[in-house]
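Below: the structure, in structure tokens.
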Amino acid sequence: MNRPELIRCCLSYPQVYEDYPFDEDRHSAAAWTVMRHKNNQKSFAFIFERQGSLLVNLKCDPLDADLLRQAFSAITPAYHMNKRHWNTVAVNGDVPADLLRQLISSSYALTDPPGKPLRRGRRKGRAQG
């Protein structure tokens, strides 16, 4: 999978957009592509190149993160992220394409929680009585 295919895969999820918050030139190999949810602007994938390899940081359940790292040499603790909750995946490493798609899907779901419950007690604009 190449960079444009990876971006298209991420864009296939609902209410998602690509962002380039760190670089002006999105066509540069050094550019970081950040895939975000439109509803909460949370990031679920950071696509970048390092030392000639295409990489993606994906959020992961902490219980699964270590298992994935042990099973695949292409999955490591995330570069520049919380290493307990994020993994870096070398896109063209030993991770099967179907598993990579599952990891993207999981990261999307983990960063787009259902609506927040209403706070109890006083609400803005309403007096308690």
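My numbering puts the first residue of the sequence shown at 353, with every later residue one more than the last. We put the CB at the ideal spot given by N, CA and C, even for glycine. Here the structure is a predicted model, which means the values were calculated and not measured.
Classify residue i: buried if its beta carbon has 16 or more other beta carbons within 10 angstroms, exposed otherwise.
{"i": "L363", "result": "exposed"}
{"i": "P459", "result": "It should be noted that the sequence gives Ser, not Pro, for residue 459. Buried is the call here."}
{"i": "L419", "result": "exposed"}
{"i": "A417", "result": "buried"}
{"i": "R378", "result": "exposed"}
Using CA atoms only, rank isn't needed, just tell me which of the options is closest to residue i.
{"i": "H437", "options": "R402, H389 and N409", "result": "N409"}
{"i": "K435", "options": "G445, S380, P448 and R421", "result": "R421"}
{"i": "R402", "options": "N444, D413, Q367 and I359", "result": "N444"}
{"i": "L358", "options": "L462, Q454 and P466", "result": "Q454"}
{"i": "P414", "options": "L462, M353 and P466", "result": "L462"}
Per DSSP, which one or two residues make a beta bridge with residue i?
{"i": "M387", "result": "E370 and A397"}
{"i": "K411", "result": "W438"}
{"i": "L420", "result": "None; L420 has no bridge partner."}
Could you pull out every residue in the same chain whose Cβ sits closer than 7 Å to the Cβ of residue i, ignoring the five residues on either side in sequence?
{"i": "V447", "result": "F424, A426, I427 and V441"}
{"i": "Y365", "result": "Y460"}
{"i": "R355", "result": "I399 and L406"}
{"i": "I456", "result": "C361, C362, A397 and L410"}
{"i": "M433", "result": "N409"}
DSSP three-state call for residue i: helix, strand or coil?
{"i": "P465", "result": "coil"}
{"i": "P429", "result": "strand"}
{"i": "C457", "result": "One point to set straight first is that residue 457 is Ser, not Cys, in the sequence displayed. Three-state result, S457: helix."}
{"i": "R360", "result": "helix"}
{"i": "R378", "result": "coil"}
At the 8 Å Cβ level, is residue i part of the contact set with chain E, yes or no?
{"i": "L462", "result": "In the structure shown, chain E cannot be found, because there is only a single protein chain."}
Tell me which residues share the same chain as residue i and place their Cβ nearer than 6 Å to its Cβ, disregarding the 5 neighbours each side in the sequence.
{"i": "R360", "result": "none"}
{"i": "A430", "result": "N409, W438, N439 and T440"}
{"i": "C412", "result": "N439"}
Suppose the cutoff is 8 Å on Cβ atoms and the five residues either side in sequence are ignored; what does the same chain contact list for residue i look like?
{"i": "D375", "result": "A382, A383 and W384"}
{"i": "K390", "result": "Q367, V368 and Y369"}
{"i": "Y372", "result": "R378, A383, W384, T385 and V386"}
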